[in-house]
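J.: Mapping of the sequence shown onto my numbering: position 73 corresponds to residue 64, and the numbering continues sequentially without gaps.
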Amino acid sequence: MRSAKDFFAPLAVGAPAPLREIPARPSRAIHFFDPGNEKMAAKVPDMVGTVDVLLGNLEDAVKAENKEIAREGLVKIGQSVANLGSTSGPTQFWTRINSLDSPWVLDDLTTLVPAIGEKLDVIMVPKVQGAEDIHYIDRILAQLEAKAGITKPLQVHAILETARGVANIEEICAASPRMQGLSLGPADLAADRRMKTTRVGGGHPGYLVRQDPPRNELDVPVYDADRTTYQQDLWHYTIARMVDACAMHGIYPYYGPFGDIKDEVACEDQFRNAFLLGCVGAWSLHPVQIKIANRVFSPSVEDVKHARRVIAAMGDGTGAVMLDGKMEDDASVKQCKVMVALAEQLAA
Ligand code: GLV
Ligand code: MG
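This is how it looks when you write it as structure tokens:
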């Protein structure tokens, strides 16, 4: 298990608590493409530099009969597209392999690692149920990397999309030093939980609370069918759980897919909720969602300006000051430092 000292500087008595590391490289939008789709694959070279992560998807949304074509397409892209992936470059190169209960996953790994293992940054593993799934991937990757002479270990990202996976979230995060992060997989998770929804991520108009009824002069509630209702976030619990587990283990949480491509406003709301709760990025299923994710997962100019003011006003970071009528103290400085560090990292 990864220990906290791998991520945090040692605590000095009286010093502010250390910050969790921000992503080593920005990963605000993880843009999915089907590497077996010639039209999509042809666009990849031009997308390098326009998005933080390009992910060649081999799992769901790729038809069973196209699995090999997709895998071969991914290898071709990895071998031919300049500036994609590896440790520097403007755009990371990820893949989502098939799930461990599928007939394709072993071929995915044994093909991809020797062919493009040096180029790939992160392997996303779907439907992870527990630490044993990560151990399995970890051991196979170690063997394949050793055989191919690859010295940079591939990182592993788990999709949280089964009830069992959610229940085992802590051990999944801690299962290997390769663990880079977790994504919420709302579509599969909804099915696995027997939720009564039929969509890919986002809210639902039926999941709401209703304002209290008005009361008459005798203080008796009066029935009013038109009372204001507030739609609730179906994913709040899981995202919060994911953020805590990731923070504890020093890895990164992400919102997953938002399927209603045309509803850019709701997509932005969902991504923003995730950002505010601590996520560092989200999936993009269409170029329009890259723009949304880049905007949402970058702190706003006003927030960064305010954060810098608080840090400056707090001097050595201890004690308390009043700023614009609000109390600021050690804890608000720490929040402000998270904001400024992210802004600086994105600007670098
Ligand atoms: C993603 O894979 C999901 O199931 O939502
Ligand atoms: Mg899924």
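Cβ atoms here follow ideal geometry from the backbone N, Cα and C, with glycine treated the same way.
In chain order, which continuous runs of the beta strand (DSSP E) of length 3 or greater are located wholly inside the segment 84 to 172?
T.: The qualifying runs are 113 to 116, 146 to 151.
J.: Would you say Ile230 touches the ligand GLV, meaning its beta carbon is less than 7 Å from a heavy atom?
T.: Counting from one through the sequence shown, the residue named residue 230 turns up at place 239. Not so, every heavy atom of the ligand GLV lies at least 7 Å from the Cβ.
J.: When DSSP builds the beta bridges, which residues end up paired with Glu319?
T.: Translated into positions along the sequence shown, residue 319 becomes position 328. Its beta-bridge partners are Val312.
J.: Quick one: Cα of Gly176 to Cα of Ala338, how far?
T.: Counting from one through the sequence shown, the residue named residue 176 turns up at place 185. Counting from one through the sequence shown, the residue named residue 338 turns up at place 347. Distance between the alpha carbons of Gly176 and Ala338: 29 Å.
J.: Using three-state DSSP, classify Pro290 as helix, strand or coil.
T.: Position 299 of the sequence shown, counting from 1, holds the residue named residue 290. Looking at Pro290 - three-state DSSP - the assignment turns out to be coil, as it is neither helix nor strand.
J.: Taking the beta carbon of Tyr245 as the centre, do at least 16 other beta carbons fall within 10 Å, making it buried, or is it exposed?
T.: Taking the first residue of the sequence shown as position 1, residue 245 is located at position 254. The residue is buried, with at least 16 neighbouring Cβ atoms inside 10 Å.
J.: Please find out if some non-hydrogen atom of the ligand GLV comes closer than 7 Å to the beta-carbon of Val191.
T.: Translated into positions along the sequence shown, residue 191 becomes position 200. Checking the Cβ of Val191 against the ligand GLV gives yes.
J.: Just list the beta strand (DSSP E) runs in the segment 191 to 260, keeping only unbroken ones of 3 residues or longer that don't cross its boundaries, in chain order.
T.: Counting only runs of 3 or more, we get 199 to 201, 220 to 222, 243 to 246.
J.: Quick check on DSSP: helix, strand or coil for Gly80?
T.: Here residue 80 is taken as the residue at index 89 of the sequence shown, counted from 1. Three-state result, Gly80: coil.
J.: Assuming the contact rule is C-beta atoms closer than 8 Å, Gln120 and Thr153 should be a hit. Round their C-beta distance to whole Å, please.
T.: Taking the sequence shown and counting its residues from 1, one reaches residue 120 at position 129. Taking the sequence shown and counting its residues from 1, one reaches residue 153 at position 162. Yes, they are in contact, since the Cβ atoms of Gln120 and Thr153 sit about 6 Å apart, within 8 Å.
J.: Can you tell me the Cα-Cα spacing of Lys317 and Asp307, whole angstroms?
T.: Reading the sequence shown from its first residue, position 326 is the one you call residue 317. Reading the sequence shown from its first residue, position 316 is the one you call residue 307. Their Cα atoms are separated by approximately 19 Å.
J.: When we look at the beta-carbon of Leu100 and count the other beta-carbons within 10 Å, is it buried (16 or more) or exposed?
T.: Translated into positions along the sequence shown, residue 100 becomes position 109. Flag for Leu100 reads buried.
J.: Flag this pair as yes or no: are the beta carbons of Cys258 and Gln280 separated by less than 8 Å?
T.: What you label residue 258 is simply residue 267 of the sequence shown in a count that begins at 1. What you label residue 280 is simply residue 289 of the sequence shown in a count that begins at 1. Yes. Within cutoff.
J.: Evaluate the contact criterion for the segment 206 to 215 versus the segment 280 to 300: three or more CB pairs, one atom per stretch, below 8 Å.
T.: Short answer: they don't touch.
J.: For Arg206, which of Gly76, Arg218, Tyr198 has the nearest alpha-carbon?
T.: For the purposes of this step, residue 206 is identified with residue 215 of the sequence shown, where counting begins at 1. For Arg206, the nearest C-alpha among the options comes from Arg218.
J.: Report buried or exposed for Val191, applying the criterion of at least 16 other Cβ atoms within 10 angstroms of its Cβ.
T.: Counting from 1 along the sequence shown, the entry for residue 191 is found at position 200. Buried, by the Cβ-count rule.
J.: With H, G and I counted as helix, E and B as strand and the rest as coil, what does DSSP make of Gly27?
T.: For this step, residue 27 is matched to residue 36 along the sequence shown. If DSSP states are grouped into helix, strand and coil, Gly27 belongs with coil.
J.: With a threshold of 8 Å, are at least 3 pairs of Cβ atoms found where one atom belongs to the segment 147 to 161 and the other to the segment 229 to 237?
T.: Touching, yes.
J.: Should Gln83 and Val147 be called a contact, given that it needs their Cβ atoms to be closer than 8 Å?
T.: Translated into the one-based positions of the sequence shown, residue 83 becomes position 92. Translated into the one-based positions of the sequence shown, residue 147 becomes position 156. Result no, Cβ atoms of Gln83 and Val147 do not sit closer than 8 Å.
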